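One structure below.
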Amino acid sequence: LQAIDKNGTTRSYAYELDTNLDASATRNWNGGEGFDPIDSFSGTFDGNGNEISDLYIDRPNTNNVGLFGSTGSSGSVSNVHLENVSVEGGNDVGALVGHNQGTIAGSSATGNVTGRNRVGGLIGQLGSATVSNSYADVTVDANDWVGGFVGKMTTGGADITGSFARGNVSGNSIVG
50 LQAIDKNGTT RSYAYELDTN LDASATRNWN GGEGFDPIDS FSGTFDGNGN EISDLYIDRP
110 NTNNVGLFGS TGSSGSVSNV HLENVSVEGG NDVGALVGHN QGTIAGSSAT GNVTGRNRVG
170 GLIGQLGSAT VSNSYADVTV DANDWVGGFV GKMTTGGADI TGSFARGNVS GNSIVG
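According to my numbering, the sequence shown is numbered sequentially starting from 50.
If you want it as structure tokens, here you go:
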């Protein structure tokens with residue numbers, strides 16, 4: 050999973066998760082910072098309904114934090130379930146995607162997400178993108194632009210359908 054972020058070419062490939070994945074070992078990776086978010090993802094990732102459990106990311110001074118730090122407009126993430134995540138970042142932080150410009154479908158997250166600004170249970174910042182049939186059951190804590198599902202959604206171009214959030218959300222301003 051971590052090798053997807055090797056270079057620009059590997060970030061554009063198609064991937065499938067064939068089994069559940071225990072990511073608890075990520076707690077000890079990278080000097081305690083955990084999993085290194087997959088950035089600038091432009092490929093497809095199909096979780097096939099499988100679960101990634103106990104993903105750990107502790108990068109409070111890093112922006113674009115989540116399993117996928119950022120996705121481009123051609124990026125697609127579907128059918129993956131994140132269970133019991135612990136994700137901490139700076140700005141644009143979500144359990145699944147920090148800054149999403151692509152497509153997300155049939156995906157979910159449970160656990161805890163914290164950051165500074167534009168922090169959401171599933172997606173930190175949502176640009177011109179499509180999200181469908183997904184949910185977050187996450188405790189979210191941040192300063193500004195905080196949401197149970199999405200921290201901040203840019204105006205125009207984004208489409209969310211058949212999705213929901215539940216869980217505790219706290220912040221200083223612009224909290225939903």
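The beta-carbon is built from N, C-alpha and C at its ideal position, and this holds for glycine as well.
Note that this is a predicted model, so its numbers are computed, not measured.
Within the region 51-119, the complete beta strand (DSSP E) segments of 3 residues or longer fall at 63-65, 93-102, 105-107, listed in chain order. In the assembly as shown, Y105 is a buried residue. Its beta-carbon has 16 or more other beta-carbons within 10 Å.
By the criterion of a C-beta distance shorter than 7 Å, S123 is surrounded in its chain by S91, G151, once the five residues flanking it on both sides are discounted. Counting the other Cβ atoms within 10 Å of the Cβ of Y62 gives fewer than 16, which makes it exposed. Straight through space, the alpha carbons of G205 and G115 are spaced by roughly 24 Å. For R215, the uninterrupted beta strand (DSSP E) segment begins and ends at 213-215. The Cβ atoms of A144 and L175 lie no closer than 7 Å to each other. Between the region 158-167 and the region 83-99 there are fewer than three C-beta pairs closer than 8 Å, too few to call the two in contact.
When the five nearest sequence neighbours on each side are left out, the beta carbons in the same chain lying within less than 6 Å of the beta carbon of G196 are those of G169, G225, in order along the chain. Among the bridge pairs identified by DSSP, A144 is matched with none.
Secondary structure at L175: strand, using DSSP grouped into helix, strand and coil.
Taking C-beta separations shorter than 6 Å and ignoring five residues to either side along the sequence, the partners of D141 in its chain run N112, N113, G147, H148, R167, G173, Q174, following chain order. Nearest to A207 by alpha-carbon distance, out of A185, Y184, T179, is T179. Around the beta carbon of R215, fewer than 16 other beta carbons lie within 10 angstroms, which makes this residue exposed.
Between S102 and A74, the beta carbon gap of about 11 Å keeps them out of contact (Cβ cut-off 8 Å). Annotation for V129: G96, S156 place their beta carbon closer than 6 Å to its own, counting only its chain and skipping 5 residues before and after. According to DSSP, T163 shares a beta bridge with E137, D190. Cα atoms of V162 and A191: separation of roughly 8 Å, rounded to the nearest angstrom.
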